[in-house]
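So the structure is just underneath, and the comments pick up after that.
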Amino acid sequence: MPDVIQESVSVRGPRRLAGELAYTVEPPLATCLLINPHPYMGGRMDNNVIAHLASALSAARIATLRFDYAGVGSSEGQAIDVLSSMAAFWQTGHAPVDALMIEDAASSLNWLRAQHHAPLFVAGYSFGAYVAMQIAPADCAGIALISPTVKHHDFSSPSATGVPTLVISGDNDFATDATTLARWLDALSAPKRVRHIVGGQHFFRGLEQEVAREAIAFFKDILDLRSANP
155 MPDVIQESVS VRGPRRLAGE LAYTVEPPLA TCLLINPHPY MGGRMDNNVI AHLASALSAA
215 RIATLRFDYA GVGSSEGQAI DVLSSMAAFW QTGHAPVDAL MIEDAASSLN WLRAQHHAPL
275 FVAGYSFGAY VAMQIAPADC AGIALISPTV KHHDFSSPSA TGVPTLVISG DNDFATDATT
335 LARWLDALSA PKRVRHIVGG QHFFRGLEQE VAREAIAFFK DILDLRSANP
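In the working numbering, the protein residues as written are 155 to 384.
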């Protein structure tokens, strides 16, 4: 495995966000923005799934940017009112700060594109999968949605229509039941690959490497196809 360089960065936008860029000394084949779950569901850039993706993708020469939402960790912004926002989140799957989080992800995507001009991927986990669908541009090379919260959020995205999409789900996911997920997958019109990880549930504890392997295989297949059809 090549050595991975992990560089702390400041993402500039409406708010300064703490982030980490991970890459190898060789030029990246592509870049990938990693988007965290909701802060009330482990939504920090050191989340187990996000951290494993950052390490594995960057080692595979897909440079990654992960970041903390405003008000989380070292990122600028007013501390989140946990009591009121948590109550709203558990009732509806939404919280008052959700719109700001989408804005933070969009700022991070723009920052990453300014650093590298390689093909761009976007990967989101849980609530981050919803955010990924909101900000993924039409020229995105591919989108990875891990434990997408389709029961609570609108996963339609005109800008991402037709973008190759990977969906990774676990069994017994409390956030989205199997019937709801299957109905959404049937309606998803983009070129899609679906991977179901037995025992994954929602958090994929102990199975993070399997999630990363699926993401790498999907992204590499897209890159190979683009190379064969420039």
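Using N, Cα and C, we set each Cβ at its ideal position, and we do this for glycine too.
So what does Ala-172 bridge to, in DSSP terms? In the DSSP assignment, Ala-172 forms a beta bridge with Ser-164.
Point to revise | Of the listed residues Ala-290, Lys-374, Ile-256 and Val-163, nearest to Pro-191 (C-alpha basis) | key: The residue with the shortest Cα to Cα distance from Pro-191 is Ile-256.
(request) Go ahead and label Arg-220 buried or exposed: buried means 16 or more other beta carbons lie within 10 angstroms of its beta carbon, across all protein chains shown. (result) Arg-220 sits buried, since 16 or more C-beta atoms from the chains shown fall within 10 Å of its C-beta.
Margin query: What residue range does the beta strand (DSSP E) around Leu-219 cover?
Written below: Going by DSSP, Leu-219 is part of the beta strand (DSSP E) stretching over 216 to 221.
Quiz item: Does DSSP put Lys-374 in a helix, a strand or coil?
Solution: In the three-state DSSP reduction, Lys-374 falls in the helix class (H, G or I).
For this session: Could you pull out every residue in the same chain whose Cβ sits closer than 8 angstroms to the Cβ of Arg-166, ignoring the five residues on either side in sequence?
Result: Sequence-distant partners of Arg-166 (beyond 5 residues in either direction) whose C-beta falls short of 8 angstroms from its own C-beta, in its chain, are Ser-261 and Trp-265.
Best match in Lys-374, Gln-288, Ala-268 and Val-285 for proximity to Ala-295 [C-alpha to C-alpha]
Closest option to Ala-295, judged by alpha-carbon separation, among Lys-374, Gln-288, Ala-268 and Val-285: Lys-374.
Worksheet entry | Through-space distance from Leu-377 to Gly-353, alpha-carbon basis | Taking the straight line from one Cα to the other gives about 30 angstroms.
Does the distance from the C-beta atom of Gly-324 to that of Ile-297 stay below 8 angstroms?
Ile-297 sits away from Gly-324, with the two beta carbons spaced by 8 angstroms or more.
Quiz prompt | Length of the line joining the Cα atoms of Ser-209 and Glu-368 | solution = Ser-209 and Glu-368 have their C-alpha atoms some 14 angstroms from each other.
inquiry  = Using the three-state DSSP reduction, which class does Arg-349 fall into: helix, strand or coil?
reply    = Arg-349 sits in a strand when the DSSP states are folded into three classes.
Original post:
DSSP state of Val-121, grouped into three classes?
Top reply: For residue 121 there is no data in the structure shown, the boundaries of the chain being 155 and 384.
### Query
Do the segment 180 to 194 and the segment 203 to 218 make contact, defined as three or more Cβ pairs closer than 8 angstroms?
In short, these stretches touch, since the Cβ pair count reaches three.
**Report entry** Neighbourhood of Val-203 by C-beta, 7 angstroms cutoff - its chain only, sequence neighbours within 5 removed
**Finding:** Scanning its chain for C-beta atoms nearer than 7 angstroms, with the 5 sequence neighbours on each side dropped, one finds around Val-203 the residues Tyr-279, Ile-300, Phe-358, Glu-362 and Val-365, in chain order.
Identify whether Phe-275 lies in helix, strand or coil by the three-state DSSP scheme.
Correct three-state label for Phe-275: strand.
**Straight-line Cα distance separating Ser-228 from Leu-320** = Between Leu-320 and Ser-228, the C-alpha separation is close to 31 angstroms.
* **Contacting residues, own chain, Cβ-Cβ under 8 angstroms from Ser-313 (five flanking each side not counted)** => Around Ser-313, the same chain offers Ala-290, Pro-291 and Ala-292 as residues with beta carbons nearer than 8 angstroms, after the five sequence neighbours per side are excluded.
For Gly-282, report the span of its beta strand (DSSP E) as first-last.
Premise fails: Gly-282 lies in the alpha helix (DSSP H), 281 to 289, not in any beta strand (DSSP E).
Note to self: Beta-carbon within less than 6 angstroms of Ser-311's beta-carbon, same chain only, minus the 5 sequence neighbours each way: which residues are those?
What the structure shows: Same-chain partners within the cutoff: Met-287.
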